[in-house]
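K.L.:
Next up is a structure, given as structure tokens.
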Amino acid sequence: MNAHAQIAANLIAPDTSGMNFYRADPALTDLLRIHLPEDLFNHIEPHLDRLGGLVGGPLDEAGRMADKHGPVLHQRDKFGQDVQWVEYHPAYRELENAAFGEFGIHALSHRKGIMGWPSTYPVTAKHAFTFLFNQAEFGMGCPINVTDGAAKLLSNYGDDALKAKYLDRLTQTDMSKLTQGGQFMTEKEGGSDVGKLTTSAVQDGDHWRLTGEKWFCSNADAKVVMLLARPEGAVGGTKGVGLFLMPRTLDDGTPNHYRIVRLKDKLGTRSMASGEIKLEGAIAYAVGKLDRGFVQMAEMVNSSRLSNGVKSTSLMRRAWHDAMAVARGRVVFGQRIIDMPLARRQLMKIMVATEQALSMSFLTADALDRAEAGSQDAAALLRILTPTLKFRATRDARKVCGDAMEIRGGVGYIEEFATARLLRDAHLGSIWEGTGNIVALDALMRAVGRHGAEAALAADLHARLDDSPSVPQAWRDRLRGLADKAIDFAREVAARSDNEGDARRATSSLYHVASAIAMTWEAHRIHEQRGDARRLLLSRLVIDHRLMTPDPFAVIESETQKQIVAHLLGECDVSMEEASRLMLA
């Protein structure tokens with residue numbers, strides 16, 4: 008950057024261009040060290056470091072260009088044949104090459120040997136890459152996720168012939184061999200109410216013919232699609248829905264019998280092609296038991312909800328980086344923004360929500376890893392953590408990205424900066440894979456009311472407090488009491504259907520208490536490793552600012568609160584002794 012450009016940037020405030028987003032995020036490193044075996048952490052760190060540099064540089068620019076120059080649907084090829092194809096900007100292909108090719112994010116849980124690791128990666132490690140990559144571009148997260156999900160469904164439920172034909176290509180990192188996946192569920196008749204779908208399936212020899220219309224199909228030109236349809240003669244509702252695999256191209260090389268009617272003109276995720284699909288006798292193959300289609304697809308949806316929570320956390324972290332670049336780099340009224348009390352309070356709100364989501368993402372990913380290893384307790388814990396994370400983190404992302412835009416000011420509203428795109432993209436999270444109401448009901452009325460999963464959460468939270476001996480007993484006792492209250496409140500809401508109106512509030516209470524306890528446990532572990540207890544201070548702020556209702560007519564910015572925020576906005580470690588003093592002040 009030349010001198011004139013540097014002066015101009017300083018006047019407006021610098022952005023994150025050139026930042027290594029892995030090196031700028033010590034919390035990510037700390038949590039990975041806690042949740043991963045040492046040898047795996049040591050192996051992936053150089054790759055995360057490389058991805059962090061790309062995300063702050065060329066991939067960030069590619070994300071901006073791909074958002075600006077979205078996909079275009081063509082109805083014919085150059086010879087006048089009715090062959091549909093979607094044209095993507097070269098920047099989108101650059102993002103694909105990094106996500107699917109170099110880092111293989113879609114295949115980390117399925118394919119051995121990626122980035123030189125002899126086995127597959129646990130979900131916790133996979134989502135470290137998800138978290139970093141999506142700070143450059145959110146839209147690509149969907150093709151990554153649905154390709155991963157399609158491979159998981161096929162691996163778990165497909166017969167040997169289907170696996171032999173499609174599974175290897177879904178998990179390829181060689182771009183010339185890769186087959187991307189799709190998930191076409193939503194119909195005009197019912198989005199979340201899947202039982203209303205009208206797509207029909209008629210058996211035709213060894214395959215099925217699908218007829219109907221899918222209304223919101225992301226990665227619309229995917230080569231392998233997982234979708235739901237009702238077999239001829241099946242009962243109504245979700246029990247009569249089957250799961251099918253539908254290839255884009257038939258064995259003879261001709262297009263399958265479905266077409267993209269149009270691409271959606273979306274608020275955000277503009278880089279990625281979402282479309283409306285008309286099925287006109289499309290050939291498809293049954294996956295698993297026909298009367299278990301909805302249950303099987305729900306497994307993919309739950310994985311997607313975790314991924315969705317991680318990606319919303321990613322947006323918040325990117326917004327945080329941008330806000331801090333402004334706060335540290337811009338001088339107004341003779342002061343840096345970060346030194347102004349009201350600005351510090353706003354930065355604190357951005358930071359707390361972001362760190363909560365990071366802790367809860369790792370907590371949920373760890374539960375999934377343990378559940379897949381056979382733990383029934385972890386499976387029950389996952390049942391309640393997944394919708395809880397999805398509900399709160401995706402909603403917080405909208406507020407955090409908006410507040411970060413406000414920290415930058417007027418130019419933050421201009422599309423040349425990342426903040427406008429972050430805010431547009433953030434609004435998808437709380438809609439995709441279930442709106443806020445749907446996932447709150449899933450957490451409360453189903454996970455708690457039907458499955459009793461809150462008992463697993465209570466046991467896990469109590470165990471984490473017991474496993475944090477360096478933390479003051481008084482603070483652990485307070486958190487233990489709040490956990491019990493949140494669990495009791497959730498049970499009370501779930502006990503009666505006419506309490507449904509409190510489901511969102513009860514889900515938020517579970518999220519806030521769980522994240523505060525997770526941060527306390529993390530602080531103990533990090534303190535043991537390198538002597539820093541800052542996450543304990545975050546735990547205090549979660550309780551004070553996100554769980555407790557303040558007196559609207561009282562001054563609440565105490566000297567203790569100011570000291571806590573000063574420690575958290577600084578770059579120095581905090582001893583357990585100092586953190587404990589502030590916790591109990």
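In this note's numbering, the protein residues as written are 8 to 592.
Glycine residues also receive a C-beta, built at the ideal position from the N, C-alpha and C atoms.
What you are looking at is a predicted structure, and each value in this text was computed from that prediction instead of being measured.
What runs of the alpha helix (DSSP H), each 4 residues or longer, lie entirely inside the region 475-553?
P.N.:
480-502, 510-537, 541-549
K.L.:
Three Cβ pairs or more, each shorter than 8 Å: is that satisfied between the region 481-490 and the region 427-437?
P.N.:
no
K.L.:
I need the DSSP call for M253, collapsed to helix, strand or coil.
P.N.:
strand
K.L.:
Note down the Cα distance separating D37 from R30, rounded to an integer number of angstroms.
P.N.:
12 Å
K.L.:
For the pair the region 444-456 and the region 395-402, tell me if three or more CB-CB distances fall below 8 Å.
P.N.:
yes
K.L.:
Following the continuous beta strand (DSSP E) through A400, name the residue where it begins and the one where it ends.
P.N.:
Looking at the DSSP string, A400 is not in any beta strand (DSSP E); the run it does join, the alpha helix (DSSP H), is 383-415.
K.L.:
When you compare only the Cα positions, how much space is there between I14 and S24?
P.N.:
Model confidence at I14 stands at a pLDDT of 47, short of 50, so the residue's coordinates are unreliable and nothing is read from them.
K.L.:
Report the residue ranges of all beta strand (DSSP E) runs contained in full by the region 204-290; include only those spanning at least 3 residues, in chain order.
P.N.:
207-211, 214-225, 231-238, 249-254, 265-270
K.L.:
Under 7 Å Cβ to Cβ from S310, same chain only, skipping five residues before and after it: list those, please.
P.N.:
Counting only residues of its own chain and dropping the five nearest sequence neighbours on each side, S310 has a CB closer than 7 Å to the CB of G156, K159.
K.L.:
Can you tell me the Cα-Cα spacing of R269 and G282, whole angstroms?
P.N.:
6 Å
K.L.:
Would you give the residue range spanned by the beta strand (DSSP E) that L80 belongs to?
P.N.:
79-81
K.L.:
Return the CA-CA distance between I550 and A143, expressed in angstroms with no decimal places.
P.N.:
31 Å
K.L.:
Name the residue from G77, V93, T393, E584 whose alpha carbon lies nearest to the alpha carbon of R83.
P.N.:
V93
K.L.:
Going by alpha carbons, who is nearest to P53 out of I41, D473, F28?
P.N.:
F28
K.L.:
What would DSSP say about E578, mapped onto helix, strand or coil?
P.N.:
coil
K.L.:
Kindly indicate which three-state DSSP category G189 falls into: helix, strand or coil?
P.N.:
Of the three classes helix, strand and coil, the one that applies to G189 here is strand, per DSSP.
K.L.:
Do you know how far the Cα of D175 is from the Cα of Q303?
P.N.:
21 Å
K.L.:
On a Cα-Cα basis, can you pick out the residue from C579, S314, L274, G77 that is closest to C149?
P.N.:
S314
K.L.:
For W92, write down the residues that DSSP places opposite it in a beta bridge.
P.N.:
Paired residue(s): H81.
K.L.:
Figure out for me which residue from G508, Y292, G249 has the closest Cα to the Cα of H214.
P.N.:
Y292
K.L.:
Quick check: what's the CA-CA separation for D74 versus E423?
P.N.:
Between D74 and E423, the C-alpha separation is close to 11 Å.
K.L.:
Going by CA-CA distance only, name the one from H519, Q480, A380 that's closest to V130.
P.N.:
When C-alpha distances from V130 are compared across H519, Q480, A380, the shortest belongs to A380.
K.L.:
From the DSSP output, which residues share a beta bridge with A293?
P.N.:
F251
K.L.:
Look up V562 in the DSSP assignment and say whether it is helix, strand or coil.
P.N.:
coil
K.L.:
Can you name the residues that DSSP bridges to V338?
P.N.:
R343
K.L.:
Can the beta-carbon of G247 be found less than 8 Å from the beta-carbon of R255?
P.N.:
The criterion of a C-beta distance shorter than 8 Å is not satisfied by G247 and R255.
K.L.:
Tell me which residue opens and which closes the alpha helix (DSSP H) that D37 is part of.
P.N.:
33-42 is the span of the alpha helix (DSSP H), which, as asked, contains D37.
K.L.:
Rounded to the nearest angstrom, what separates A364 and G63 at their Cα positions?
P.N.:
Rounded to the nearest angstrom, the two C-alpha atoms are 21 Å apart.
K.L.:
Between A463 and A387, is the Cβ-Cβ spacing less than 8 Å?
P.N.:
yes
K.L.:
Cβ of H534 within 8 Å of Cβ of S477?
P.N.:
Between H534 and S477, the gap from beta carbon to beta carbon is short of 8 Å.
K.L.:
Just the Cα atoms here: how many angstroms apart are V359 and L548?
P.N.:
7 Å
K.L.:
Spatial neighbours of E287 within its chain, please: C-beta separation below 8 Å, excluding the five flanking residues on both sides.
P.N.:
T218, H264, Y265, R266
K.L.:
Would K318 pass as a contact of F496 if the rule is Cβ separation under 8 Å?
P.N.:
No.
K.L.:
Is it the case that the Cβ atoms of G531 and L554 are separated by a distance below 8 Å?
P.N.:
Sequence check: residue 531 is His here, not Gly. No, they are not a contact pair.
K.L.:
For R503, which option in G443, G456, R343 has the closest C-alpha, if you only look at C-alpha atoms?
P.N.:
G456
K.L.:
D373 lies in the alpha helix (DSSP H); which residues open and close that run?
P.N.:
First-last of the alpha helix (DSSP H) with D373: 348-379.
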